[in-house]
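Its first residue numbered 1, the sequence shown is counted upward by one per residue in the UniProt record's numbering.
Glycine included, C-beta positions come from ideal geometry on N, C-alpha and C.
The structure displayed is predicted, hence computed values, not measured ones.
Notes for the one structure printed next.
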Amino acid sequence: MFTMKKLFLALVLFIFLFGVARYFFPNHPASSTLQSGDFFGENRHLLNPPDSVTASAGAHYQISKIGEFFLGKHYRAVWATPVKAEVFHMDKIAGGLRMEKLGGGMQTTSLTLTDTAGHKWALRSLDKDPISVLSPFWRKTFVGSFVRDQVSATNPYAALVVAPLAEAIGVFHPSPKLVFVLPSDKDFRQHSHLFSNRLFLIEEKFTSKASLTKKFGAAKDLVGTEVVLQRRFQSTHHKIDQWAFVRARLLDLLLSDWDRHEGQWDWAEYKQGTETWYKPIPKDRDQALCWYDDGVLPWIATRKFAARKFESFHPTFRDVYGLTINASFLDARALSEVSLADFRRIAREIQADLSDSVLQQAVKQFPPAIYELVGQQTLDILRSRRQQLPRAADEYYHILAKEVIVAGSDEPERFLVQRLSQGRTVVEVFRVNENGANVSRNYSRTFFANETNKIHLHGLDGDDFFDIKGDVLVGSTIYMYGGKGNDQVIDKSSVQGWRKKSVVIDAKGGVKIQKSAETDVQLQKNQVTSLVRFRDK
Numbered sequence: 001m002f003t004m005k006k007l008f009l010a011l012v013l014f015i016f017l018f019g020v021a022r023y024f025f026p027n028h029p030a031s032s033t034l035q036s037g038d039f040f041g042e043n044r045h046l047l048n049p050p051d052s053v054t055a056s057a058g059a060h061y062q063i064s065k066i067g068e069f070f071l072g073k074h075y076r077a078v079w080a081t082p083v084k085a086e087v088f089h090m091d092k093i094a095g096g097l098r099m100e101k102l103g104g105g106m107q108t109t110s111l112t113l114t115d116t117a118g119h120k121w122a123l124r125s126l127d128k129d130p131i132s133v134l135s136p137f138w139r140k141t142f143v144g145s146f147v148r149d150q151v152s153a154t155n156p157y158a159a160l161v162v163a164p165l166a167e168a169i170g171v172f173h174p175s176p177k178l179v180f181v182l183p184s185d186k187d188f189r190q191h192s193h194l195f196s197n198r199l200f201l202i203e204e205k206f207t208s209k210a211s212l213t214k215k216f217g218a219a220k221d222l223v224g225t226e227v228v229l230q231r232r233f234q235s236t237h238h239k240i241d242q243w244a245f246v247r248a249r250l251l252d253l254l255l256s257d258w259d260r261h262e263g264q265w266d267w268a269e270y271k272q273g274t275e276t277w278y279k280p281i282p283k284d285r286d287q288a289l290c291w292y293d294d295g296v297l298p299w300i301a302t303r304k305f306a307a308r309k310f311e312s313f314h315p316t317f318r319d320v321y322g323l324t325i326n327a328s329f330l331d332a333r334a335l336s337e338v339s340l341a342d343f344r345r346i347a348r349e350i351q352a353d354l355s356d357s358v359l360q361q362a363v364k365q366f367p368p369a370i371y372e373l374v375g376q377q378t379l380d381i382l383r384s385r386r387q388q389l390p391r392a393a394d395e396y397y398h399i400l401a402k403e404v405i406v407a408g409s410d411e412p413e414r415f416l417v418q419r420l421s422q423g424r425t426v427v428e429v430f431r432v433n434e435n436g437a438n439v440s441r442n443y444s445r446t447f448f449a450n451e452t453n454k455i456h457l458h459g460l461d462g463d464d465f466f467d468i469k470g471d472v473l474v475g476s477t478i479y480m481y482g483g484k485g486n487d488q489v490i491d492k493s494s495v496q497g498w499r500k501k502s503v504v505i506d507a508k509g510g511v512k513i514q515k516s517a518e519t520d521v522q523l524q525k526n527q528v529t530s531l532v533r534f535r536d537k
């Protein structure tokens with residue numbers, strides 16, 4: 001642990017060494033270095049194409065001891081260690097691949113490819129360049145160098161470990177494979193400079209109906225998160241399998257994979273009678289097993305007052321909240337119905353499914369040279385985090401339970417709220433017909449005032465009804481957002497205390513309200529736009 005005095009001295013020393021910062025800040029990320037001998041003749045023509053080569057993912061992350069003191073030891077040895085990888089041949093994988101689209105967002109060099117059966121594949125670089133997250137002013141400064149250097153905190157082979165763990169607990173997953181693109185490979189045409197002489201992972205992409213395989217059973221299609229949320233908010237006939245999502249999210253916690261925003265998921269679509277259900281498919285495991293906080297500057301940068309979300313893969317869960325920050329938008333919309341008992345049950349099931357033999361098998365997916373370096377350490381940490389997973393699941397639940405979104409849809413619905421003794425609040429949502437009669441129940445959960453401060457009921461479009469009943473000593477605050485349509489609120493509740501616990505937020509003329517002394521009415525001139533559909537920018 002760093003004391004404040006040590007931190008001050010370290011920062012002073014770092015400022016003194018600023019002039020030689022280039023010694024341990026690389027100017028740019030280098031490509032993988034081929035270590036398998038000279039296969040090339042004059043003019044770099046390939047004489048004897050190898051089936052495999054030995055290459056390192058990022059020898060440029062090697063720095064001095066003083067650099068490691070300030071910037072962290074991280075996984076630098078893993079990045080620098082040569083590993084054996086199969087040579088990538090575009091015409092040999094899955095009957096032959098063709099290039100479709102260059103991608104990669106702000107960090108990863110990636111390419112979408114299509115095989116002869118129409119299945120999508122992703123070729124993703126192990127090394128990253130996160131410089132685009134910075135404004136242009138900072139990119140050519142020490143800040144840009146620092147951000148690039150911190151890629152060394154990630155384990156480039158982590159995704160290989162994830163697949164067996166996901167398989168064991170029943171979570172859909174891609175199965176990545178390590179490959180190397182030769183310097184002479186011309187299949188990438190105008191993009192050759194981006195892919196030449198580098199290590200990549202190639203894996204299936206689950207983004208369309210053409211990507212369906214037997215593992216998805218009776219699935220009818222594969223869609224992205226934006227489509228799922230759009231359909232879910234249009235009609236309650238579309239439902240997210242929240243319990244499957246809990247299972248996937250607890251795996252994220254086990255792996256210390258904090259970067260699980262809505263763009264990191266695809267969804268398998270299933271028809272069940274009149275309803276359509278969506279099961280999650282996690283992707284992009286770039287941040288699993290990360291180790292950030294073993295250097296002065298990263299340690300400071302990842303404190304709770306700074307970039308808290310960069311949580312490291314410690315033997316203990318040090319900050320469950322930090323691990324959930326990036327996924328908070330999706331979590332709030334896809335986990336609002338899951339109880340504490342569900343979280344605990346699923347955590348125990350995952351514990352049982354992830355036996356020592358399963359963990360051992362997963363860690364053995366590291367290339368042999370990498371297993372020698374960090375295999376046993378990774379296994380020990382996974383065992384420790386598995387043991388503590390139920391406690392982490394409890395904490396995760398209570399983080400989510402503090403403030404809960406209960407969303408209806410663009411169809412007419414009735415929100416029935418019953419305030420009961422001992423701080424309990426039962427919320428039910430019913431689909432209603434044209435006469436306002438309840439047709440079917442779409443949502444039900446009991447909340448507890450000592451867990452949940454605020455419950456946000458979103459009617460969205462349609463003519464919605466909000467009924468609140470019960471006289472109690474304590475209770476959660478209920479916020480009712482009518483949205484578009486002609487809404488009705490009947491509040492017959494009472495909660496002791498000076499603060500009103502029933503809040504109606506709607507447009508003037510868009511809602512009829514039967515008030516009680518508990519009702520706080522906040523009407524606006526214009527139509528109220530519900531933020532349940534979108535990120536609040």
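Outcome for residue i when other beta-carbon atoms lying within 10 angstroms are tallied against a minimum of 16
i, result
"Ala190", "For the record, residue 190 in the displayed sequence is Gln; it is not Ala. The residue in question, Gln190, is exposed, as its Cβ has fewer than 16 Cβ neighbours within 10 Å."
"Gly497", "exposed"
"His173", "buried"
"Thr274", "exposed"
"Gln365", "buried"
"Val78", "buried"
"Ser110", "buried"
"Ser440", "exposed"
"Leu9", "Any reading at Leu9 must be qualified, since the residue scores a pLDDT of 47, below 50, and its modelled position is unreliable; the value itself is stated next. Under this definition Leu9 is an exposed residue."
"Asp266", "buried"
"Asp356", "exposed"
"Arg303", "exposed"
"Ala168", "buried"
"Ile15", "For Ile15, the predicted model reports a pLDDT of 43, less than 50, meaning its position is unreliable; a value from the coordinates is still stated below. Under this definition Ile15 is an exposed residue."
"Arg98", "exposed"
"Asp91", "exposed"
"Gly408", "buried"
One or two residues paired with residue i in a DSSP bridge
i, result
"Lys101", "Thr112"
"Tyr371", "DSSP, once it has assigned bridges, lists no residue as partnering Tyr371."
"Asn438", "Val432"
"Arg308", "Per DSSP, none; premise fails for Arg308."
"Phe343", "Beta-bridge pairing links Phe343 to no other residue."
"Pro280", "Trp267"
"Tyr61", "Tyr61 is not bridged to any residue."
Contacts around residue i, its chain only, beta-carbon distance under 6 Å, and the 5 residues preceding and following it disregarded
i, result
"Ser494", "Asp471, Glu518"
"Asp252", "Arg260"
"Ile468", "Val417, Asp491, Ser493, Ser502"
Residues near residue i by beta carbon distance below 8 Å, same chain, minus five either side
i, result
"Asp520", "Lys500, Ser502, Val503, Val504"
"Val406", "Ser336, Phe415, Val427, Val429, Tyr443, Arg445, Ile455, His456, Leu457, His458"
"Trp243", "Val338, Asp342, Ile346"
"Val432", "Pro412, Glu413, Arg414, Asn438, Val439, Phe465"
Neighbourhood of residue i by C-beta, 7 Å cutoff - its chain only, sequence neighbours within 5 removed
i, result
"Gly475", "Arg419, Gly423, Thr425, Ala449, Val495, Lys501"
"Gln360", "Leu379"
"Ala158", "Arg285, Ala288, Leu289"
"Ala85", "Ser52, Val53, Ala55, Leu178, Val179, Phe180, Leu199"
"His398", "Glu451"
"Trp291", "His74, Tyr75, Ala153, Ser312, Phe313"
"Ile370", "Val78, Thr81, Val83, Tyr157"
Proximity of residue i and residue j at Cβ, strictly below 8 Å
i, j, result
"residue 587", "Asp394", "Residue numbering for the chain in the displayed model covers 1 to 537; residue 587 lies beyond these limits and cannot be assessed."
"residue 541", "Ala362", "This structure does not reach residue 541, given that the chain is present from 1 up to 537, and the question cannot be answered."
"Leu460", "Phe233", "yes"
"Leu222", "Ser211", "yes"
"Lys279", "Gln264", "no"
"Arg308", "Asp319", "yes"
"residue 585", "Ile350", "Residue 585 is absent from the model: the chain starts at 1 and stops at 537."
"Ala334", "Phe245", "yes"
"Gly375", "Asp410", "no"
"Asp127", "Ala57", "yes"
"Phe70", "Leu297", "yes"
"Lys101", "Thr112", "yes"
"Phe317", "Arg385", "yes"
"Gly170", "Arg247", "yes"
"Trp277", "Phe310", "no"
"Gly509", "Asp487", "no"
Expected contact under 8 Å - CB spacing of residue i and residue j to nearest Å
i, j, result
"Lys120", "Lys205", "4 Å"
"Ser256", "Phe180", "Not really, about 28 Å apart at Cβ, beyond 8 Å."
"Asn453", "Lys512", "Not confirmed; about 28 Å, so no contact."
"Leu201", "Arg124", "5 Å"
"Glu262", "Leu330", "4 Å"
"Leu373", "Thr81", "6 Å"
Chain C within 8 Å of residue i, Cβ atoms only
i, result
"Val495", "Reference to chain C is not applicable here, since this structure consists of a single protein chain."
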